[in-house]
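Residue numbers (my numbering), protein chains in the order written: chain D, 49 to 163; chain U, 150 to 262.
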């Protein structure tokens, strides 16, 4: 099975712009989660989508949003970019069939640099 | 608040020696605990998980972890370290309510030849 794919792998944007990141989960996986990874804050949970609905949300401002399509692919959008948004954004998918015991499988990430 | 902690920012070990990367947890109920590894500029790779049952969990690449309920720990171990094991290791737990993972701060493992 193909793994989780994320596009693009690298992005450079300027402050004030907006950006959309894409994630394709492992085939058959219905849950997609997004994380932000920075050296200072570590791995922080952004949100999780299941069956096109946001099921969980972390503590991020409303500039961060996402959606999931009927084929389980997900996009994440960040509007009005700030310098502090520079990070590695990771997407993870899981089958979401066995509740808490599900393993999340991560994509390679999108490295976003805001200038 | 529920959390996992990795008390060591960095662990140094010589190739061929056993390695331990520590993780402690503060989770109510029965925890679901995970270990992931991250190589530079890569995503996280799943190593192993504890759900229930045998306290010694075996995972990928020769790694194993011991769940200790009395000490609330889930330390990652390997009998003989390889230079290629050098990476960033994350302990995580999964909340009971659906798909929210909480990650530790990460431990950088350096294996010297």
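Just so it is clear, CB atoms sit at the ideal spot from N, CA and C, and this is done for glycine as well. This one's a predicted model, so the numbers in the text were calculated from it and none came from an experiment.
Residue 164/U sits close to residue 230/U, with the two beta carbons spaced by under 8 Å. Going by DSSP, residue 101/D is part of the beta strand (DSSP E) stretching over 101 to 105. Annotation: the continuous beta strand (DSSP E) that includes residue 205/U extends over 205 to 207. Nearest to residue 56/D by alpha-carbon distance, out of 133/D, 63/D, 69/D and 118/D, is 69/D. Near chain D, meaning a CB-to-CB distance below 9 Å, the residues of the segment 189 to 202 of chain U are 190, 191, 192, 193, 194, 195, 198, 200 and 201.
By a beta-carbon distance limit of 8 Å, residue 167/U contacts residue 228/U. Their separation comes to about 5 Å. Within 7 Å of the CB of residue 255/U, the CB atoms of chain D belong to 90, in sequence order along the chain. Between residue 82/D and residue 153/D a beta carbon distance of about 14 Å is seen, past the 8 Å cut, so the two are scored as non-contacting. Scanning the segment 66 to 120 of chain D from its first residue to its last, the whole beta strand (DSSP E) runs of 3-plus residues come out as 67 to 72, 79 to 86, 90 to 98, 101 to 105 and 112 to 116. For residue 200/U, no beta strand (DSSP E) encloses it, and the DSSP letter there is neither H nor E. The alpha-carbon separation between residue 76/D and residue 143/D amounts to approximately 7 Å.
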